[in-house]
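> My questions will all concern the structure given below.
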Amino acid sequence: MFAYVIRRFFYAIPILIGVNVLTFSLFFIVNPTDDIARMHLGQKHVTEEAIEKWKHERGYDKPLFYNESQSGLSSITETIFYKKSVRLFVFDFGYADDGRSIGKDILERMWPSLAIAIPVFLVGILVNISFALLLVFFRSTYIDVWGVIFTVVLMSISTLFYIIGGQYLIGKIMQLVPISGYDSGLSGFKFLVLPVLIGVVGGIGSSTRWYRTIFLEEIGKDYVRTARAKGLSELTVLFRHVLKNAMIPILTGVVVIIPLLFMGSLLLESFFGVPGLGSYTIDAIQSQDFAIVRSMVFLGSVLYIFGLLLTDISYTMVDPRVRLN
Amino acid sequence: MSIAVVCRQTIIIVMLGSLGFLLSSCTERSWNNPYPAADDDKNIAYSVFDERPKHLDPVRSYSSTEYRIHGQIHEPPLQYNYLKRPYQLEPLTAVRMPVLNYEDKQGRTLEDNASEDDIAFSVYTIQIKPGIRYQPHPAFAKNEKGQFYYQNLQASDLEAISTLSDFKHTGSRELVAADYIYEIKRLAHPRLSSPVFSIMSDYIVGLKSYAETLKQVNERQNDNNQTLYLDLNKYPLSGVKLVDRYTYQIKIKGKYPQILYWLAMPFFAPVAVEVDKFYSQPGMKERNLVMDWYPVGTGAYMLTENNPNRRMTLERNPNFHMDLYPSEGEKGDIEAGLLKDAGKQMPFIDKVVYILEKESIPNWNKFLQGYYDVSGLSSDSFDQAIQFGATGDVALTEEMKNKKIKLLTTTETSTYYMGFNMQDPVVGGSGDRARKLRQAIAIAIDFDDYISIFRNGRGIASQGPIPPGLFGYSEGVAGYNPFVYTQVNGKIKRRSIVEAKKLMVSAGYPNGRDEKTGKPLLLYYDSTGSGPDQKSVWDWYKKQFKKINIQLIIRNTDYNRFQGKMRDGNAQIFSWGWNADYPDPENFMFLLYGPNGKVKYQGENAANYDNKEFNRLFDKMKNMQDGPERLRLIERMVDIARYDSPWLWGFHPKQFVLQHDWYKNRKLNLMAHNGLKYLRIDPLSRKINRQKWNKPILWPFWLIVISVVLVVVPAVMTFRKKERQSMKEAG
């Protein structure tokens with residue numbers, strides 16, 4: 385397995401370079417460096433001299449990919465792409481255009497994101513799998529029919545509606561929890577109840593339907609019939625046998641997103657005033673802060689690759705037939 | 262575990278949870294209170310910010326969202342009187358208003374009434390009050406031997422440090438005139454990119470060459486990898502002079518009376534050299550310990566928490582100097598209760614917490630719940646808060662009145678206009694044809710209608726470039742634009758579309774067609790709009806142009822492209838705006854000054870308007886003291902601009918602010934940046950109201966519980982029936 389992990393690690397390098405090139409190209413095609421400087425220098429009294437100075441201070445006065453004025457290796461290294469990208473590979477994110485340390489910002493903002501994402505993820509899995517198993521248990525009854533209709537309705541509603549509706553009903557009308565805000569430690573609990581609840585409810589529809597389909601596929605198999613023939617209760621059949629055998633498709637979808645929990649949720653964080661990573665990238669795109677954009681895209685890519693690797697490893701744990709070679 | 266056991270456990274958990282709910286409902290404190298219980302009675306004000314400030318360094322910051330934070334920290338020598346209108350400057354840290362002396366080219370002092378041609382320099386002498394001290398800060402901390410604790414640190418010394426409060430020792434020192442000089446030098450700092458350097462270098466003697474010197478020094482330091490501290494005190498700046506410990510002089514080229522307004526802005530606030538050195542040490546930047554994020558000043562408040570991702574906290578500066586609430590205001594201030602605290606030492610509030618609130622809905626709801634003391638008004642919440650009377654007067658709705666919420670309004674010292682590119686061959690130029698076309702369009706575009714539809718009535722249609730509250734603005738019939746409006750029975754009324762069509766005919770566009778070619782007149786509006794509301798704005802514009810049979814084509818693009826078009830002169834019609842830097846008509850008239858054109862000179866004259874007479878009058882007017890002669894010149898300039906119509910004049914927005922009854926002494930002051938020290942809150946009244954307004958309502962919760970039970974019970978019964986059935990079948 386170790387050799388497999390090492391091999392995957394080396395596969396990741398060209399992927400990350402490709403992602404970087406793509407991000408870099410897209411960003412700078414849309415935003416020339418002069419425009420970025422103007423955006424940061426404000427709207428009043430911006431002179432060409434100030435723009436040049438701003439670009440020089442941040443290294444944006446170099447060519448993008450190839451520096452004709454240099455020779456040899458310097459023609460590659462004395463470019464914006466090289467200067468801004470190479471240190472990412474040692475996780476040195478550098479500074480945002482407003483001077484703040486990106487690494488420190490990520491470390492600070494990661495925890496609020498996790499404070500919402502982990503409960504949403506865990507409670508969500510528990511609720512969705514249980515609900516899906518319940519529907520499978522009552523398959524072909526009115527409960528299954530109405531359950532499916534209910535999940536379709538839930539799926540059809542926008543997350544924004546859940547957020548605004550939840551804030552209105554639970555925060556404004558019932559006044560049970562703060563409408564928005566965040567605090568660290570135990571005092572933060574009251575702020576998390578509503579976003580977590582909304583995060584879970586918002587995910588029930590699609591996830592339950594997906595799990596239900598997986599379970600229904602399993603429940604018709606021979607080993608289930610055998611288990612029933614041996615006199616096992618339906619609950620035991622579902623939770624001990626069906627669930628275990630349905631783990632491979634479940635893991636495919638679930639494990640890969642575990643590392644991405646760090647990246648947070650854009651909508652939940654924005655509406656609930658949670659200072660997480662979810663809104664960090666969007667804010668950076670709006671303010672044309674390439675330093676943050678490249679860092680977050682790079683981090684997202686690394687975490688996704690890591691998630692895929694974890695998924696592969698988890699297969700070996702739930703299915704002894706799978707070998708990593 | 263059998264299903265019955267699971268069900269029983271579920272029911273027990275639900276019951277326990279419900280009991281918990283009931284028990285906690287017995288407590289007095291509201292459940293939705295977002296603040297710690299210990300702070301309920303404290304003298305803390307709560308407000309919001311929706312965008313993280315980019316800069317808090319006084320030499321870099323140039324935005325109102327940033328000023329509201331560091332304007333409370335930094336103290337320039339002058340400030341605006343909090344209550345008096347029109348806006349008046351007064352000393353803040355200065356003993357008196359700066360003393361002005363004129364000098365000729367040889368540096369000889371001239372009489373006050375010297376002719377403008379003889380005046381080569383204006384020398385402003387500023388004396389500051391002794392005994393003013395900086396806020397406590399580690400940069401000033403010294404041991405018993407008088408040595409600094411934290412001035413020669415290595416990166417390794419900061420391993421246990423992540424915020425300023427991690428430094429054990431703090432200190433302070435007296436404010437001296439040299440600190441003001443240091444800040445003026447920082448305007449030219451090569452690493453700081455001060456947004457006002459280009460303007461100030463035109464006026465402050467030697468600032469431009471000083472910047473060149475610093476640039477060279479900086480490059481030498483970079484070559485030697487010494488990129489940290491740049492010691493500005495090693496290099497003299499000829500335009501500033503330290504007279505004594507408390508007095509300094511600023512030497513200005515020629516006459517520039519507007520410098521006094523700049524002296525009330527944070528760009529001229531003092532910066533202690535120790536602080537600059539402290540933040541320049543290795544390892545500080547990596548911890549975000551920089552002047553841009555932890556500014557240090559002598560103001561009423563100090564920034565004790567700066568987490569722009571979540572919360573910013575200002576606390577009372579324990580070293581704040583004697584500063585009394587004003588005893589005089591304008592008419593109506595006594596009746597409004599604004600002079601109740603006259604003569605009392607400020608500030609009144611101990612702590613101000615700014616919370617990041619990006620979305621308007623939670624912001625508004627928390628204001629209504631009493632968790633924010635003050636709120637602006639978004640379009641979403643406008644109808645809930647404001648109602649218009651039969652005569653168009655603005656009033657609060659019953660819901661707001663029941664909560665004793667107060668409404669404050671003022672017309673902003675801003676102008677939002679629709680402009681023509683005067684270099685455009687169709688709409689631009691000084692010819693009769695284009696001018697009449699512009700005048701016709703100016704009549705057709707009904708900005709009163711725009712304000713009513715898109716701004717809920719929050720604004721007034723502009724009659725010229727100068728907004729209300731500034732010298733040179735005339736209200737009502739005394740100051741209307743005769744090319745767009747006419748006077749009927751002592752009231753002004755927009756000219757009719759018939760008149761606009763006549764102008765179109767004489768411009769050579771009868772029925773909106775070019776009389777020579779017969780082709781329909783197509784005009785292009787360059788916009789940067791986005792969002793769902795923008796489409797209706799564009800449709801409205803098209804409809805307005807259609808009134809005179811002009812087809813308007815919308816060319817929407819992102820802001821960067823739009824700016825590029827404006828710089829290159831490729832836009833035809835555009836919208837733009839300007840917020841006053843200071844309350845002087847020069848700050849608006851320069852938007853139409855030829856040598857300030859955007860295409861030729863990269864200036865702020867976006868329309869590229871260039872009228873020789875206007876330019877000549879501007880040169881004469883800009884340095885004059887307010888008075889009848891200056892007013893006459895301004896009126897003449899406004900007349901010229903109205904006639905030429907390079908703008909459609911647009912509107913001056915009105916600011917609507919809501920505040921709770923417990924929030925006292927608030928008077929909207931669009932120029933002052935240090936308004937926090939005047940404010941007072943009544944925490945007891947706030948606490949009582951919060952509890953009254955935020956009692957938890959539990960019946961929907963019980964409804965949900967009952968619904969769940971109603972769904973679960975039949976399911977459990979069906980399950981048990983099914984289990985029994987399968988057991989029977991197996992048995």
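Read top to bottom, the protein sequences are chains A and B.
Under my numbering, read the first sequence as residues 385 to 709, first letter to last.
Under my numbering, read the second sequence as residues 262 to 992, first letter to last.
Glycine included, C-beta positions come from ideal geometry on N, C-alpha and C.
1) Name, please, each residue of chain A whose Cβ falls closer than 7 Å to the Cβ of B:R452.
2) Using 9 Å as the limit for Cβ to Cβ distance, is B:V553 near chain A?
3) Determine the extent of the beta strand (DSSP E) in which B:D787 is found, giving its start and end residues.
4) Which residue marks the beginning of the alpha helix (DSSP H) containing A:Y546, and which one marks its end?
5) Taking buried to mean at least 16 other C-beta atoms within 10 Å of its own C-beta, is B:I647 buried or exposed?
6) Residues in the same chain with beta-carbon distance under 7 Å from A:S711, minus the five sequence neighbours each way, listed in chain order, please.
7) Count the other CB atoms, across all protein chains shown, that sit within 10 Å of the CB of B:E377; report buried if there are 16 or more and exposed otherwise.
8) When the Cα atoms are used, what is the spatial distance from B:Y615 to B:D794?
9) Using a beta-carbon distance cut-off of less than 9 Å, what residues from the stretch 962 to 977 of chain B approach chain A?
10) What does DSSP give as the partner residues of B:E435 in its beta bridges?
11) Just the C-alpha distance for A:K489 and A:I676, rounded to the nearest angstrom, thanks.
12) How about B:R548 and B:I393: do their beta carbons lie closer than 9 Å?
13) Along the chain, where does the beta strand (DSSP E) that runs through B:T913 open and close?
14) Given a cut-off of 9 Å, decide if B:A832 and B:N663 are closer than it, judged by their beta-carbon atoms.
15) How about B:I264: is its C-beta nearer than 9 Å to some C-beta of chain A?
16) To which residues does DSSP link A:L627 through a beta bridge?
17) I'd like to know whether the C-beta atoms of B:A1010 and B:S906 end up nearer to each other than 9 Å.
18) Measuring alpha carbon to alpha carbon, tell me which residue in A:V577, A:T597 and A:T461 is nearest A:V561.
19) For A:A501, which residues in the same chain have their Cβ closer than 7 Å to its Cβ, ignoring the five residues on either side in sequence?
20) Relative to the C-alpha of A:F473, which candidate in A:G487, A:I486 and A:L400 has its C-alpha closest?
21) Determine which residues of the stretch 609 to 623 of chain B have a Cβ less than 9 Å from any Cβ of chain A, and write them out in chain order.
22) Quick check: B:S291 and B:N955, are their CB atoms within less than 9 Å of each other?
23) With DSSP as the reference, label B:I264 as helix, strand or coil.
24) What number of angstroms, rounded off, separates the C-alpha of B:M262 from the C-alpha of A:F408?
25) Listing by chain order, which chain A residues have their CB less than 7 Å from the CB of B:R571?
26) Helix, strand or coil for A:I669 per DSSP?
27) Give me the residue from B:D611, B:S639 and B:R756 with the minimum Cα distance to B:N624.
28) Kindly indicate which residue of B:S946, B:K345 and B:V655 has the alpha-carbon position closest to the one of B:Q916.
29) Short of 8 Å in beta carbon distance, which residues of its chain neighbour B:I264, apart from the five on each side in sequence? Order them along the chain.
30) Taking the C-alpha atoms as reference points, what is the distance between B:R897 and B:F528?
31) With 16 other CB atoms within 10 Å as the buried threshold, where does B:V805 fall?
32) When you compare the CB of B:R816 with every CB in chain A, is at least one pair closer than 9 Å?
33) CA-CA distance, B:Q630 and A:H440?
34) Tell me whether the stretch 618 to 629 of chain A and the stretch 540 to 558 of chain A touch, counting them as touching only if at least three CB pairs, one residue from each stretch, are closer than 8 Å.
35) Looking at chain A, is there any beta carbon in it that lies within less than 9 Å of the beta carbon of B:W292?
36) Which bits of chain B does A:M558 rub up against, with CB to CB less than 8 Å?
Looking at the coordinates:
1) Chain A residues near B:R452: E441.
2) According to the sequence shown, residue 553 of chain B is Asp rather than Val. B:D553 counts as touching chain A.
3) L783 to S788 is the span of the beta strand (DSSP E), which, as asked, contains B:D787.
4) Unbroken alpha helix (DSSP H) run through A:Y546: T543 to G550.
5) It counts as buried.
6) It is not possible to answer for residue 711 of chain A, since the shown part of chain A is limited to 385 through 709.
7) Exposed is the call here.
8) As the crow flies, the alpha-carbon of B:Y615 is around 29 Å from that of B:D794.
9) Within the stretch 962 to 977 of chain B, the qualifying residues are F962, V972, P975 and A976.
10) DSSP, once it has assigned bridges, lists B:R394 as partnering B:E435.
11) Sequence inspection shows Asp at residue 489 of chain A; the Lys mentioned does not correspond to that position. Near 10 Å, if we compare the C-alpha coordinates of A:I676 and A:D489.
12) No Cβ-Cβ contact shorter than 9 Å links B:R548 with B:I393.
13) A quick correction: the sequence has His, not Thr, at residue 913 of chain B. Unbroken beta strand (DSSP E) run through B:H913: F912 to Q920.
14) Taking 9 Å as the Cβ cut-off, B:N663 and B:A832 do not qualify as a contacting pair.
15) Any reading at B:I264 is ruled out, since the residue's pLDDT is 47, under 50, leaving its predicted position unreliable.
16) According to DSSP, which records beta bridges pairwise, A:L627 is partnered with nothing at all.
17) No information on residue 1010 of chain B is available, as it lies outside the stretch 262 to 992 that chain B covers here.
18) Out of A:V577, A:T597 and A:T461, A:V577 has the C-alpha closest to the C-alpha of A:V561.
19) Residues L645, G648 and S649 of the same chain have their beta carbon placed closer than 7 Å to that of A:A501, with the five preceding and five following residues left out of the count.
20) Of the candidates A:G487, A:I486 and A:L400, the one whose C-alpha sits nearest the C-alpha of A:F473 is A:L400.
21) Listed in chain order, the positions of the stretch 609 to 623 of chain B with a beta carbon within less than 9 Å of a beta carbon of chain A are I616, L617, E618, K619, E620, I622 and P623.
22) Closer than 9 Å, so yes.
23) Residue confidence is low: B:I264 scores 47 on pLDDT, short of 50, so the model does not pin down where it sits. No coordinate-derived value is stated.
24) Caution is warranted here: a pLDDT of 48 is assigned to B:M262, below 50, making its placement in the model unreliable, and no coordinate value can be reported.
25) What B:R571 touches in chain A: Y566 and P659.
26) Assignment of A:I669 by DSSP, reduced to helix, strand and coil, places it in the helix class.
27) Ranking the options by Cα distance to B:N624, first place goes to B:S639.
28) B:Q916 has its Cα closest to that of B:V655, out of B:S946, B:K345 and B:V655.
29) With a pLDDT of only 47 at B:I264, under the threshold of 50, the placement of this residue in the model should not be trusted; the figure read from the coordinates follows. V977, F980, R981 and E984.
30) Each residue's Cα considered, the two are about 33 Å apart.
31) The residue asked about is misnamed: residue 805 of chain B is Gln in this sequence, not Val. When all chains shown are included, B:Q805 counts as buried.
32) Using beta-carbon distances, B:R816 does not count as an interface residue toward chain A, since no partner is under 9 Å.
33) Between B:Q630 and A:H440, the alpha-carbon positions lie close to 49 Å from each other.
34) With a cut-off of 8 Å, the stretch 540 to 558 of chain A and the stretch 618 to 629 of chain A do not count as touching, because too few Cβ pairs lie within range.
35) It does; some Cβ of chain A falls within 9 Å.
36) Chain B residues near A:M558: P957, I958, L959, P961 and F962.
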